[in-house]
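Q:
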Amino acid sequence: MCGIICVLSRKTRRATPTAREILTLLDGALEFGAKGDIDQLAQAVTTADRLLRGDAGQLCMADNHQLTSAMTSRIDQLDAIVSTYEQSIEKSAVLQTESSEHAMQEIIRAKDAIWELRHDRIRTAKLVDALAGQGASESARKGYFSIQQAFSGLDRLEVRGRDSAGIHVLVSNHGLKATDKQVKALLENRGEDALFMSGAVRMTETAWSFVYKAAAEIGELGDNTRVMRNAVMADALLRLCVSQPDAQVAVLAHTRWASVGIISEPNAHPVNSEELEGKHDDAYLVAALNGDVDNHADLRVQYGLRVAGPITTDAKVIPALVSRKLATTKNLTDAFRETVAQFEGSVAIAVASATEPDKLLLALHGSGQGLCVGLAEDRFIV
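Each residue of the sequence shown is one higher than the one before, starting from 217 at the first, in the working numbering.
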């Protein structure tokens, strides 16, 4: 078993809430709690939670430790009020009545919103702060927010396999050039790693590709994401790229339980489309795979794929063959569909392309695999 997570962002249409709006709602919730009005308390907390979702909510809390501290203080008080109210309902309601049933529903709604504020909003804001650093631009915070969501997903998916993991960040609309003096100083030899290991960078005219990986046969849950998180935080070139005003980020991440190919960084997913010969910058892709492409060896021979020796994972045939098809057809969707139709076995596949960085391509075949697509206000999350 393995796990895939993808985050594809889009521009938010919602205004950033103010700290005053949020604290006014939480103060109002405290007042309703003092009056015993659990319905209005739940409504106020739920509204605050809704306002703090997505990019708009993250921008509200960005580098604002005073706000998150004030929120935490109020949330602690609300938690205590709701718990006390819940205990009183349980003690007094010997028989469930319609009113007590409604009260318990509102208590659950309030508790859910309080939990989300504490663990999903404030905690995430602090983790994005750590990734983005102080004084990060709005576009940078949005980009690192997507990366943090992918890390959060990997932390949960690791129970499906954790011998290796990878996170790929595709940045488009950044306006930078490889010849820029600042870029050249940060790039060094990162574009020359034929094995696409951690820290590798690829540059096309439409998007730049950054990958971070970790591989260890023996380890604990959380080790891999910790290594990759540190690598992301230390990457000044990525920071420069996502900080550009119009930068857009697409993230493809994977945690692996090795079946085909040894446990190693070259075999960790995502893998890219490059072969030893025949480089196609206009058809550059990365892919991640759950399951096994049972006929991968036959496909390598059939199409004469020339892959670096240390890359033995079956996942490599996915981007390599889609890229070849795309180079001739010039239609990404058709190239992807015609390629995956050749695969045998039980697979779940995700592909990101520099050609169309605002798209993710997904495929399922066989039994035992699944991909769930979630629609947030400013993101698709797989």
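For glycine and all other residues, C-beta sits at the position ideal for the given N, C-alpha and C.
With a Cβ-Cβ cutoff of 8 Å, do residue 219 and residue 403 count as a contact?
A: Not closer than 8 Å, so no.
Q: How big is the Cα-Cα spacing for residue 315 and residue 382?
A: So the two alpha carbons sit approximately 51 Å from each other.
Q: Take residue 411 and list the residues in its own chain whose beta-carbon comes closer than 8 Å to its own, dropping the five residues that flank it on each side.
A: Correct list, in chain order: 481, 482, 524, 526 and 527.
Q: In whole angstroms, what separates the C-alpha of residue 569 from that of residue 544?
A: When rounded, the distance between both Cα atoms is 15 Å.
Q: Relative to the C-alpha of residue 285, which candidate in 353, 514 and 339 has its C-alpha closest?
A: Cα-wise, what sits closest to residue 285 is 339.
Q: Touching or not, the segment 583 to 595 and the segment 218 to 233, by the rule of three or more beta carbon pairs under 8 Å?
A: In short, these stretches touch, since the Cβ pair count reaches three.
Q: Quick one: give me the first and last residue of the beta strand (DSSP E) that residue 226 is part of.
A: No beta strand (DSSP E) holds residue 226; DSSP gives it neither H nor E.
Q: Determine the direct distance from the alpha carbon of residue 542 to that of residue 261, and round the result to whole angstroms.
A: Rounded to the nearest angstrom, the two C-alpha atoms are 49 Å apart.
Q: In the DSSP output, what is residue 507 paired with across the bridge?
A: Its beta-bridge partners are 563.
Q: Between which two residues does the alpha helix (DSSP H) holding residue 422 run?
A: Counting along the chain, residue 422 falls outside any alpha helix (DSSP H), and DSSP gives it neither H nor E.
Q: From residue 563 to residue 552, what does the alpha carbon distance come to, in whole angstroms?
A: Those two C-alpha atoms are separated by around 14 Å.
Q: For residue 305, which of helix, strand or coil comes out of DSSP?
A: Note: residue 305 maps to helix in three-state DSSP.
Q: What are the boundary residues of the alpha helix (DSSP H) that residue 373 is part of?
A: Per DSSP, residue 373 belongs to the alpha helix (DSSP H) from 354 to 373.
Q: Could you tell me which residues DSSP puts in a beta bridge with residue 569?
A: Answer by DSSP bridge pairing, in chain order: 501.
Q: In the structure shown, what three-state DSSP assignment does residue 388 receive?
A: Looking at residue 388 - three-state DSSP - the assignment turns out to be strand.
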